[in-house]
Amino acid sequence: MHFDVNENAELDDVWQMILEKFGKDSKDICSNSSSFYITQDGLECSLRKTNGELIGICYRELNRNNGFRWTINKHN
Numbered sequence: 052m053h054f055d056v057n058e059n060a061e062l063d064d065v066w067q068m069i070l071e072k073f074g075k076d077s078k079d080i081c082s083n084s085s086s087f088y089i090t091q092d093g094l095e096c097s098l099r100k101t102n103g104e105l106i107g108i109c110y111r112e113l114n115r116n117n118g119f120r121w122t123i124n125k126h127n
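When we follow my numbering, the leftmost residue of the sequence shown carries the number 52, and every step to the right adds one.
Right, here's the structure in full:
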């Protein structure tokens with residue numbers, strides 16, 4: 052799954068877009084267990100359940116419109 056945001060997008064807005072992309076499955080994502088973090092490649096996000104189980108990883112890349120493309124990889 053992907054979505055694009057402008058370069059000034061707030062993390063709260065990015066979080067809401069991530070939840071929208073998950074649809075009804077977003078009820079399993081716990082904001083207190085999930086986190087944004089910086090890596091050598093850029094900004095990433097781990098999506099976790101209340102018990103800490105990993106649901107997915109999101110990462111940000113530059114897009115062609117001077118913004119960012121977020122990619123969401125769901126774990127099974």
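Where a beta carbon is used, it is the ideal one built from N, C-alpha and C, also for glycine.
Here the structure is a predicted model, which is why all the values come from computation and not from measurement.
Taken in chain order, the complete alpha helix (DSSP H) segments of 4 or more residues contained in the region 56–122 are 62–73. With a 10 Å radius around the Cβ and a threshold of 16 neighbouring Cβ atoms, S86 comes out exposed.
Of the residues G107, E112, S77 and S84, the one whose Cα lies closest to the Cα of T101 is S84. Distances from the CA of N127 to each of C81, L70, L105 and I69 were compared; the closest alpha carbon is that of L105. N114 and C81 have their C-alpha atoms roughly 28 Å apart.
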